[in-house]
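Asks: Take 4 as the starting number for the sequence shown in this note's numbering and just add one per residue.
The C-beta atom is built at its ideal place from N, Cα and C for all residues, glycine as well.
What you are looking at is a predicted structure, and each value in this text was computed from that prediction instead of being measured.
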Amino acid sequence: MVTLIKNVISGIKAILVGMSVTLKNNFRKPVTIQYGYAPRWGKKETRPVAPRYRGRFELIREPETSELRCTGCGICAQACPGRCITVKGESRKVTSYQLDLEKCLFCGLCVEACPFEALGMMQETQPLQFTSREALHLTMETLEQPAGTDMPGVLPSTVGGDLRPGKKPFQPKTKKTEDGAAGQTA
């Protein structure tokens, strides 16, 4: 009987110690950073990005002349393990640059291999929500867009909605035709 009472007292003591830890942490300031746009709180919190973060690709221009640094040499395409880069150039000028994000590993070897520092990866943390597979094939025009601008074929972060499990993904609105059938997307 004495051991039973000792066991009950030690169990109650253990529960009280555990509850005291819980109560202490209840009054602390939360450390969670809400990623991106949190509509419930009406503010956007961003976590600082590591200096070597590999984000969206960009073709870099010369600051003085605003000409592309890329000469079309194709060293980035040779360095790419996924073979997702296609470069065509004439007389030290690039004529066509295509990057297939379906094959890309985001390893950054193409950026490191470029002798002219013409290809870079932005520090942008905005998740890309593509509207079609064709939008995954980036061309010179899409790679030249500066950070913070919306790419064609990519939904802006505020339109994409909540993509957590159990939530409905973004559905484009369709205009109804005169006969009542769904027509083109808005």
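From the DSSP output, in three-state form, read off Met124 for me.
Replies: Within the sequence shown, numbered from 1, the residue matching residue 124 stands at position 121. If DSSP states are grouped into helix, strand and coil, Met124 belongs with the strands.
Asks: By the 10 Å Cβ neighbour count, where 16 or more other Cβ atoms means buried, how is Asn10 classified, buried or exposed?
Replies: Taking the sequence shown and counting its residues from 1, one reaches residue 10 at position 7. Looking at its Cβ environment, which holds fewer than 16 other Cβ atoms inside 10 Å, Asn10 is exposed.
Asks: Nearest to Leu62 by alpha carbon, out of Ser99, Ser135, Leu26, Arg86?
Replies: To locate residue 62, count along the sequence shown from 1; it is residue 59. Ranking Ser99, Ser135, Leu26, Arg86 by Cα distance to Leu62 puts Ser99 first.
Asks: Considering Ile63, what are the terminal residues of the beta strand (DSSP E) in which it resides?
Replies: Here residue 63 refers to the residue found at position 60 of the sequence shown. Counting along the chain, Ile63 falls outside any beta strand (DSSP E), and DSSP gives it neither H nor E.
Asks: Under DSSP, the beta strand (DSSP E) around Gly14 begins and ends at which residues?
Replies: For this step, residue 14 is matched to residue 11 along the sequence shown. Where Gly14 is concerned, there is no enclosing beta strand (DSSP E), although the alpha helix (DSSP H) it sits in stretches over 5-29.
Asks: According to the neighbour-count rule (16 or more other Cβ atoms, all chains shown, within 10 Å of its Cβ), is Phe60 buried or exposed?
Replies: Within the sequence shown, the letter at position 57 stands for residue 60. With 16 or more Cβ atoms within 10 Å of its Cβ, Phe60 is classed as buried.
Asks: Ignoring anything shorter than 4 residues or poking outside the stretch 72-118, list the alpha helix (DSSP H) runs there in chain order.
Replies: You should have 78-82, 112-116.
Asks: Is it true that the CB of Val97 sits closer than 8 Å to the CB of Leu122?
Replies: In the sequence shown, the residue the question calls residue 122 occupies position 119. In the sequence shown, the residue the question calls residue 97 occupies position 94. Not a contact, by the Cβ cut-off of 8 Å.
Asks: Taking 8 Å as the cut-off, decide whether the C-beta atoms of Gly85 and Cys107 are in contact.
Replies: Residue 85 sits at position 82 when you count from the first residue of the sequence shown. Residue 107 sits at position 104 when you count from the first residue of the sequence shown. For Gly85 and Cys107, yes; Cβs fall inside 8 Å.
Asks: Are Gly58 and Met143 touching if we call contact CB-CB under 8 Å?
Replies: In the sequence shown, the residue the question calls residue 58 occupies position 55. In the sequence shown, the residue the question calls residue 143 occupies position 140. No. Outside cutoff.
Asks: Can the beta-carbon of Leu104 be found closer than 8 Å to that of Leu141?
Replies: Position 101 of the sequence shown holds residue 104. Position 138 of the sequence shown holds residue 141. Contact flag set, yes.
Asks: Let me make sure I understand the geometry here. Which of Val114, Ser13, Asn29 has the alpha-carbon closest to that of Leu83?
Replies: Start at 1 with the first residue of the sequence shown, and residue 83 comes out as number 80. Residue identity differs from the one stated: residue 83 is Cys in this sequence, not Leu. Closest by alpha carbon: Val114.
Asks: Would you mind sorting Val162 into buried or exposed? The rule is 16 or more other CB atoms within 10 Å of its CB.
Replies: Locating residue 162 in the sequence shown gives position 159, where the first residue counts as 1. Confidence in Val162 is poor, its pLDDT being 45 and thus under 50, which makes the residue's placement unreliable; the coordinate value appears in the next sentence. Its Cβ having fewer than 16 others within 10 Å, Val162 is exposed.
Asks: Ends of the alpha helix (DSSP H) at Glu144?
Replies: Start at 1 with the first residue of the sequence shown, and residue 144 comes out as number 141. Per DSSP, Glu144 belongs to the alpha helix (DSSP H) from 143-146.
Asks: For Pro66, which residues in the same chain have their Cβ closer than 8 Å to its Cβ, ignoring the five residues on either side in sequence?
Replies: One-based indexing of the sequence shown puts residue 66 at position 63. Excluding sequence neighbours, Pro66 sits near nothing in its chain.
Asks: Sorted by chain position, which residues of the same chain lie with C-beta nearer than 8 Å to Pro118's C-beta, five sequence neighbours on each side aside?
Replies: Start at 1 with the first residue of the sequence shown, and residue 118 comes out as number 115. Cys76, Ile78.
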